[in-house]
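Residue numbers (the numbering used here): 1 to 251.
Accompanying notes for the structure given below.
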């Protein structure tokens, strides 16, 4: 059955029968509603759609039977985004050599150098940030998890962190200064006043925190403890990240 399009009440309608003939072709009286002109223009546009569709169908080249009428599009140009290079592809130039902040990568190093990530670092080997590519993004706690740690007392927080720190010292080939720093933190924990009751935390929260802490680097774990920025522990961390021997001596 033949169909045609028509414009009715701001919508395009498809009807099955042929449009009825107008009884009167006289123009409406002037000064009538202002919407009449807009409606007539819209109806003319709809009629042109049918004519335009027939033209496009006639211009379309024939396709083989069963073939899809889909043209292969040219691949869109991809912006060249400089990504972090893997260790196997790093060029051995001055800007990619280990810097001062790269010592102990990936457990003891400082944050990745942003200059090197987006180009070349002007400080070279003297840069205080890490110049060695990091294979994965650093594990970080979200706001709720950080708030959960803040609610813990210092002794409870150290009791949560120290098992993870000792595990990394025992399983990784870290300098002696790392074990000495953990020892100082254990001494600090022993010096804290005894608490009758520790801060209670939901089991699911504790399990979630332990899963994340297990994936953190040695230095990120230590930085979660407030005592890492105090006294002997702070000095031990400075020596550790600078690659200096521990004052307690090496084995």
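Note that CB positions come from ideal geometry on N, CA and C, so glycine has one too.
All values reported here derive from a predicted model rather than from experimental measurement.
The region 116-126 and the region 134-144 do not touch, with fewer than 3 CB-CB distances between them shorter than 8 Å. Around the beta carbon of residue 102, a 10 Å sphere encloses 16 or more other beta carbons of the protein chains shown; the residue is thus reported as buried. A distance below 8 Å between beta-carbons, with the five flanking residues on each side excluded, links residue 166 to the following residues of its chain, in chain order: 182. If you check the CB distance, residue 158 and residue 225 come in under 8 Å. Among the bridge pairs identified by DSSP, residue 112 is matched with 130. Taken in chain order, the complete alpha helix (DSSP H) segments of 4 or more residues contained in the region 129-215 are 143-150, 154-171, 176-191 and 203-215. Taking the CA atoms as reference points, residue 150 sits about 17 Å from residue 195. Around the beta carbon of residue 206, fewer than 16 other beta carbons sit within 10 angstroms, so the residue counts as exposed. Contact between residue 214 and residue 134 fails: their C-beta atoms lie close to 18 Å from each other, not under 8 Å. Approximately 6 Å separates the beta-carbon atoms of residue 218 and residue 108; this is inside 8 Å, confirming the contact. Rounded to whole angstroms, residue 189 and residue 180 show a C-alpha spacing of 14 Å.
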